[in-house]
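In our numbering, each residue's number is its place in the sequence shown (first place is 1) plus 6.
Every residue, glycine too, gets a C-beta built ideally from N, C-alpha and C.
Note that the structure is a prediction, hence the values are computed from the model and not measured.
Below: one structure, written as structure tokens.
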Amino acid sequence: MLAQLLAFLGAPSAEELVDFGHHIADRVLADRSGAGGPRVLFGGGVWIDAAHGGLTDAFRDVAAEVYMSEATTVRFAEEV
Numbered sequence: 007m008l009a010q011l012l013a014f015l016g017a018p019s020a021e022e023l024v025d026f027g028h029h030i031a032d033r034v035l036a037d038r039s040g041a042g043g044p045r046v047l048f049g050g051g052v053w054i055d056a057a058h059g060g061l062t063d064a065f066r067d068v069a070a071e072v073y074m075s076e077a078t079t080v081r082f083a084e085e086v
């Protein structure tokens, strides 16, 4: 299945596809507000209940470093 997707997208490997995606996102989503241009923001989320183990430090690090996002754990039973 992955091989079919990579072939369709013309990517030699999953790693190179990820690198290309980062390259494009870094340029398209770059903050240009300091030069009078746009600042593109978007939101998304993944919900993981702390009762099921919560988030790892590695996940938080990737969210911060790669996606410039914040990841937090919530106990849904306590938030209702």
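Point to revise | Member of Leu35, Gly50, Tyr73, Val52 whose CA lies at the smallest distance from the CA of Pro44 | key: Taking the first residue of the sequence shown as 1, we reach residue 44 at position 38. If we check each option's Cα against that of Pro44, Leu35 comes out closest.
**Study point:** Secondary structure of Val34, DSSP reduced to three states
**Key:** Residue numbering aside, residue 34 sits at position 28 when the sequence shown is read from its first letter. In the three-state reduction of the DSSP assignment, Val34 falls in the helix class.
Practice item. Enumerate in chain order the residues of its own chain whose CB-to-CB distance from Ala69 is below 8 Å, with the five nearest sequence positions on each side excluded. Key: Position 63 of the sequence shown holds residue 69. Around Ala69: Ser75, Glu76, Ala77.
Review point. Rounded to a whole number of angstroms, what is the C-alpha to C-alpha distance between Ala83 and Gly51?
Key: Residue 83 sits at position 77 when you count from the first residue of the sequence shown. Residue 51 sits at position 45 when you count from the first residue of the sequence shown. Their Cα atoms are separated by approximately 19 Å.
Point to revise | Beta-carbon separation (whole angstroms), Ile54 vs Leu47, contact threshold 8 Å | key: Your numbering for residue 54 matches position 48 in the sequence shown. Your numbering for residue 47 matches position 41 in the sequence shown. That pair is no contact at about 23 Å.
Check your understanding: Is the CB-CB distance between Thr79 and Ala64 below 8 Å?
Key -> The residue given as residue 79 occupies position 73 in the sequence shown. The residue given as residue 64 occupies position 58 in the sequence shown. The answer is no: Cβ separation not under 8 Å.
**Study point:** Integer Cβ distance of Leu23 from Ala17, believed to fall under 8 Å
**Key:** For this step, residue 23 is matched to residue 17 along the sequence shown. For this step, residue 17 is matched to residue 11 along the sequence shown. Ala17 and Leu23 do touch by the CB rule: their CB atoms are close to 4 Å apart, below 8 Å.
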